[in-house]
Structures are given as C-alpha cells and as structure tokens.
Amino acid sequence: MNLNIGVIKGDGIGPEIVAEAMKVLDAAAKTYGHTCDYTQLLLGGASIDVHGVPLTDETIAEAKKCGAVLMGSIGGDAKTSPWYQLEPSKRPEAGLLAIRKALNLFANLRPAILYDELKGACPLKEEITEGGFDLMIMRELTGGLYFGERKTVKEDGVLTAYDSLTYNENEIRRIAKRAFDIAMKRGKKVTSVDKANVLDSSRLWRKVVEEVAEDYPEIALEHMLVDNCAMQLVKNPKQFDVVLTENMFGDILSDEASMVTGSIGMLASASLNETKFGLYEPSGGSAPDIAGKGIANPIATILSAAMMLRFSFDLDKEADAIESAVAKVLKEGYRTIDIMSEGKTQVGTAEMGDLIASYIA
Ligand code: NAD
Numbered sequence: 064m065n066l067n068i069g070v071i072k073g074d075g076i077g078p079e080i081v082a083e084a085m086k087v088l089d090a091a092a093k094t095y096g097h098t099c100d101y102t103q104l105l106l107g108g109a110s111i112d113v114h115g116v117p118l119t120d121e122t123i124a125e126a127k128k129c130g131a132v133l134m135g136s137i138g139g140d141a142k143t144s145p146w147y148q149l150e151p152s153k154r155p156e157a158g159l160l161a162i163r164k165a166l167n168l169f170a171n172l173r174p175a176i177l178y179d180e181l182k183g184a185c186p187l188k189e190e191i192t193e194g195g196f197d198l199m200i201m202r203e204l205t206g207g208l209y210f211g212e213r214k215t216v217k218e219d220g221v222l223t224a225y226d227s228l229t230y231n232e233n234e235i236r237r238i239a240k241r242a243f244d245i246a247m248k249r250g251k252k253v254t255s256v257d258k259a260n261v262l263d264s265s266r267l268w269r270k271v272v273e274e275v276a277e278d279y280p281e282i283a284l285e286h287m288l289v290d291n292c293a294m295q296l297v298k299n300p301k302q303f304d305v306v307l308t309e310n311m312f313g314d315i316l317s318d319e320a321s322m323v324t325g326s327i328g329m330l331a332s333a334s335l336n337e338t339k340f341g342l343y344e345p346s347g348g349s350a351p352d353i354a355g356k357g358i359a360n361p362i363a364t365i366l367s368a369a370m371m372l373r374f375s376f377d378l379d380k381e382a383d384a385i386e387s388a389v390a391k392v393l394k395e396g397y398r399t400i401d402i403m404s405e406g407k408t409q410v411g412t413a414e415m416g417d418l419i420a421s422y423i424a
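Just so we're aligned, residue 64 is where the sequence shown starts under our numbering, counting upward by one.
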C-alpha cells in the first residue's frame, strides 16, 4: 500500500520529533511492504516566516489531498518570539485552530497509557497503577459550550453573562459512531460521560448514544456522570477503555487522564473527521526551552504515527508493531531525559528513534 502522508514539522522541537516518527514509519513500511509518500506542509510559526500568515489556503488544499497528516507541535516562546508581536489572529496557534476547522476535525482522541515501566512517574498510589492502564478519551471538538452563543448584558443594572450549550442529534451520532468503531479495535467497551441528571443536552446525548449502540452488539456500553468519571479516573483508571464525551467535559477529563500517566512526552493525540482522514500530533507543545538540543522525547509523536496507521490507513498490524517497539525500548531501560530515572540508560531524540525503528525490523 502507498501511504500518502502530509507532514507538518512545526516549530521548536517539532522538526526533531517528527523526523524520528518518519524514521519509525519508514521502518514499519519497509517491514510490511508499504511505501510512504510525504508531502511537506507549512503551519504555525514556520508558515509565518515564509508566508506572513500561520496557515495558507495552499496548506489546507494539500492536506485535503493526503490520507492523513502527521504534525509536530507549533508555536514559540511567547516572551521572546517575534511571532507574538503579531495580533492574536496571525499568531502560530491561530493556524492550528483554523486548520482543525477547515478540515472539519470533530473528534479528538487522546490515549492515556501508563506503561508498567514508567509507573514511578504516575502520581497515583502503587496499588492503583500496578500493571499499568490504557484508556482513550474521545472528545467532541466542534460543538457544545465552546461554540454556542454567548453574551454579557446588564440586567436590572447587574452584569450577567450567558453561554449556551447546544448539540444536535447528528453531531452526537457521528462522534458516537467513531467511538464505537474505535472501541471495536480495542477493548470493546464504551463509557459515555454526561450530566444527564441535570442537562437536556446530556439527555439527548445519552438517547443518541444508546441508538448507535444497537448497531454494535459486541460493545459493552455504560453511562457515567461526569463528576463520578472525574473521581473514577484517579480511583480506578483500569476500568476504562473508550471514554466518549462532549467538548467541555472532554477538555477537562482528557487533561486529568493524561496527567495521571505522568509524562507529557509520551502522550499521543489525533483529531478525526467523518472520513478516514485525521491529523495526528503529540499532546505537548513545541517546548522552545529544549528545542535544538536533541533531547526531546519523540515517543508521543511516534505513538501518534501508530494511531495514524491504525485509524486512517487500517494498518493494525503495523501500528501494533510500533507500539510493541516502544514498549520494548522502555522495558530495556532506555529513557529520554524527561522520563529518566536511576539505573536507566539516557538517550537523545535521534537515538530513541533509531532504537524504536530497529525493534520494528
Ligand atoms: P510545552 O508542552 O511545549 O512544554 C511544557 C514542558 O514540557 C516544557 O518543560 C517542555 O520542555 C516539556 N516537554 C514538552 N514536550 C516534550 C517532549 N516531547 N520531550 C521532553 N519534554 C517535553 O508547553 P508550553 O511551554 O506551555 O508551550 C510552548 C509552545 O507550544 C507555546 O507556543 C504553545 O502555544 C505551544 N503549544 C502548541 C501545541 C500544539 O501544537 N498542539 C500544544 C500546546 C502548546
């Protein structure tokens, strides 16, 4: 199979970590008889430097021609970078929001995996983390409270602010389907999180999710109130497989879930639209404090590339091979500086990429 992949190297550590993910993708492609065609795309600060704007129509058009896009992080140091002298709509981050919108990326996936070897970095008690955990937060990204009508008015002389939370059944159905499809490739369990004891939007959410579940008899569906879910994530994260939720709940729960794994350099993410297309990127930022030093952890980007193979190209075996290679380097004691601990072997960005690529072949 020929994989047509758009590549946004991004800013800061972006080019360093993306280079390692491409190295690993090439190793997986070679091992399993595929070829990778990469199209370089500009976004964020790198685009400002060339075109004066963080996103061009050309980048959007080229991205749409690709099967998926792999991205490093974008942005710079807000105190020192000239990009932040520009008005907010012309800064690097504006490009990211605009490309998500232009590509209609409504489903955000953030896996939170605690590898047994890294459980020392997890802030939870040892009896909770024993054996590690592997869950996926699936957050609706283009609806709900963050996109509803808002206003601030004076009522009877008192300042009053309104934000509205709106979902229609189509918006709920399309993300629920994505969540069930993804659960079919994982542990076959979906926990749909809402606040159906209070909110109408949550009651509609629950109704539509139950309708979608009828087409997936193999999936175990449970509903959980968001306040309980926030507790359960720290009490017993092992109970979860796919956690499906709306925009604001997902914003909060995905940060909570990623923090319990302990390391930003390990966290992959993906944003998907209605087709197989997705944008795959590490959850962390461009880390300008360590850019160019060759010490950034490339694993989040490498795991994002594995998600790309699984969800955009349906190459499960190849994705498994990358994930197993990551688990193997950790088991053998190799660590970048951010996850380093006593008695382990410290390696740089490129060496980590080399090791993972070599374990695939
Ligand atoms: P950051 O995630 O870049 O850095 C926070 C800390 O984590 C830093 O100490 C950094 O060195 C460390 N870190 C991050 N990724 C790492 C990795 N792979 N390996 C080792 N250490 C790593 O967050 P920030 O400093 O708040 O933001 C820096 C820039 O990134 C800003 O311009 C911000 O807007 C941007 N940003 C971009 C994205 C994105 O592209 N999706 C996301 C978040 C932040």
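Every residue gets a Cβ at the ideal spot worked out from N, C-alpha and C, and that includes glycine.
Original post:
Say the cut is 6 Å; is the CB of Ala359 nearer than that to a heavy atom of the ligand NAD?
Top reply: Distance from the C-beta of Ala359 to the nearest heavy atom of the ligand NAD is below 6 Å.
Original post:
For Leu168, which residues from the same chain have a beta carbon less than 7 Å from its beta carbon, with the 5 sequence-adjacent residues on both sides left out?
Top reply: Leu204, Ser334, Leu335, Asn336, Leu342.
Original post:
Helix, strand or coil for Ala259 per DSSP?
Top reply: DSSP places Ala259 in coil when its eight states are reduced to three.
Original post:
Considering only the beta carbon of each residue, do Ala90 and Ala420 sit closer than 7 Å?
Top reply: Between Ala90 and Ala420, the C-beta gap is smaller than 7 Å, which places the two residues in contact.
Subject >> Closest Cα partner of Ile137 within the set Thr192, Leu104, Gly130 >> reply: For the set Thr192, Leu104, Gly130, the Cα lying nearest the Cα of Ile137 is the one of Leu104.
Original post:
What are the boundary residues of the beta strand (DSSP E) that Met294 is part of?
Top reply: Unbroken run through Met294 is the alpha helix (DSSP H), 289-298; no beta strand (DSSP E).
Original post:
By DSSP, does Ile200 sit in helix, in strand, or in coil?
Top reply: In the three-state reduction of the DSSP assignment, Ile200 falls in the strand class, which pools E and B.
Original post:
Where does Ser387 land, buried or exposed, given buried means 16+ other C-beta within 10 angstroms?
Top reply: In this structure Ser387 is exposed. Its beta-carbon is surrounded by fewer than 16 other beta-carbon atoms within 10 angstroms.
Original post:
Going along the chain, which unbroken runs of the beta strand (DSSP E) with 3 or more residues stay wholly within the stretch 334-412?
Top reply: The qualifying runs are 341-345.
**OP:** For Met370, I'd like the list of residues in its chain whose CB is within less than 6 Å of its CB, leaving aside the five on either flank, ordered along the chain.
**Re:** Within the same chain, Met370 has close Cβ partners Ala331, Ala333, Tyr343.
Subject >> Candidates Lys380, Asp377, Pro361, of which the one nearest Met85 by Cα >> reply: The shortest C-alpha separation from Met85 is found at Pro361.
Original post:
Roughly how many angstroms separate the alpha carbons of Asn231 and Tyr209, rounded to a whole number?
Top reply: Their backbone Cα atoms lie some 15 Å apart in a straight line.
Original post:
Cα-Cα, which of Ala82, Gly73, Ala92, Gly77 is closest to Asp379?
Top reply: Ranking the options by Cα distance to Asp379, first place goes to Ala92.
**OP:** Tell me whether the beta-carbon of Ala320 lies closer than 7 Å to the beta-carbon of Ile238.
**Re:** Contact: no.
Subject >> Assumed close pair Val305, Leu316 - CB separation to whole angstroms, cut-off 8 Å >> reply: Distance from Val305 to Leu316 at the Cβ level is roughly 12 Å; contact not present, criterion being Cβ atoms closer than 8 Å.
Subject >> Beta-ladder partner(s) of Gln34, from DSSP >> reply: Residue 34 lies beyond the residue range present for the chain, which begins at 64 and ends at 424; the question has no answer from this structure.
Original post:
Short check: CB of Asn65 to CB of Cys129, under 7 Å?
Top reply: Their beta carbons are not under 7 Å apart, which means Asn65 does not touch Cys129 by this criterion.
Subject >> Boundaries (first-last residue) of the alpha helix (DSSP H) holding Thr94 >> reply: From DSSP, the alpha helix (DSSP H) with Thr94 extends over 77-95.
Original post:
Should Thr192 and Leu177 be called a contact, given that it needs their Cβ atoms to be closer than 7 Å?
Top reply: Against a cut-off of 7 Å, the Cβ pair of Leu177 and Thr192 comes out as a contact.
Original post:
Do Glu83 and the ligand GTP come close, with the Cβ less than 6 Å from some heavy atom?
Top reply: With respect to the ligand GTP, the structure offers nothing, as its ligand set consists of the ligand NAD.
Original post:
Are the CB atoms of Leu133 and Ile162 nearer to each other than 7 Å?
Top reply: Not in contact: Leu133 and Ile162 (Cβ atoms no closer than 7 Å).
Original post:
Do you know how far the Cα of Asp140 is from the Cα of Thr229?
Top reply: If you take the alpha carbons of Thr229 and Asp140, they lie about 35 Å apart.
**OP:** Within the same chain, show all residues whose beta-carbon is closer than 6 Å to that of Ser255, passing over the 5 residues directly before and after it, in chain order.
**Re:** Excluding sequence neighbours, Ser255 sits near Val272, His286, Leu307.
Original post:
Can Arg269 and Ala259 be called in contact, C-beta distance under 7 Å?
Top reply: In contact: Arg269 and Ala259 (Cβ atoms closer than 7 Å).
**OP:** Measure from the alpha carbon of Asp244 to the alpha carbon of each residue in Ile358, Gly158, Glu277, then state which is nearest.
**Re:** For Asp244, the nearest C-alpha among the options comes from Glu277.
Original post:
Between Gln302 and the rest of its own chain, which residues show a CB-CB distance below 7 Å, the 5 nearest in sequence each way excluded?
Top reply: Result list for Gln302: Gln295, in chain order.
**OP:** Can you say whether Arg202 is buried or exposed, counting buried as having 16 or more other CB atoms within 10 angstroms of its CB?
**Re:** Buried is the label assigned to Arg202, since at least 16 other Cβ atoms lie within 10 Å of its Cβ.
Original post:
Three or more C-beta pairs closer than 8 Å, one from the stretch 150-160 and one from the stretch 106-113: is that the case here?
Top reply: Touching, yes.
Original post:
In chain order, which continuous runs of the beta strand (DSSP E) of length 3 or greater are located wholly inside the stretch 159-246?
Top reply: If you keep only unbroken beta strand (DSSP E) runs of at least 3 residues inside the stretch 159-246, you get 170-177, 196-203, 213-218, 221-226.
Original post:
Below 7 Å between beta carbons: does that hold for Val410 and Cys185?
Top reply: Cβ atoms of Val410 and Cys185: not closer than 7 Å.
Original post:
Which one or two residues does DSSP pair with Met134 in a beta bridge?
Top reply: According to DSSP, which records beta bridges pairwise, Met134 is partnered with Ile71.
Subject >> Nearest candidate by alpha-carbon position, reference Ala82, set Val113, Tyr101, Ile111, Asp318 >> reply: Ranking Val113, Tyr101, Ile111, Asp318 by Cα distance to Ala82 puts Tyr101 first.
Original post:
Are the beta-carbon atoms belonging to Ala363 and Gly328 less than 7 Å from one another?
Top reply: Contact flag set, yes.
**OP:** Quickly, what does DSSP pair Ser332 with across the bridge? List them, please.
**Re:** As DSSP reads the structure, Ser332 sits in a beta bridge with Glu344.
Subject >> Secondary structure of Val272, DSSP reduced to three states >> reply: Three-state DSSP puts Val272 in a helix.
Subject >> Start-to-end residues for the beta strand (DSSP E) that takes in Leu307 >> reply: Counting along the chain, the beta strand (DSSP E) containing Leu307 begins and ends at 305-308.
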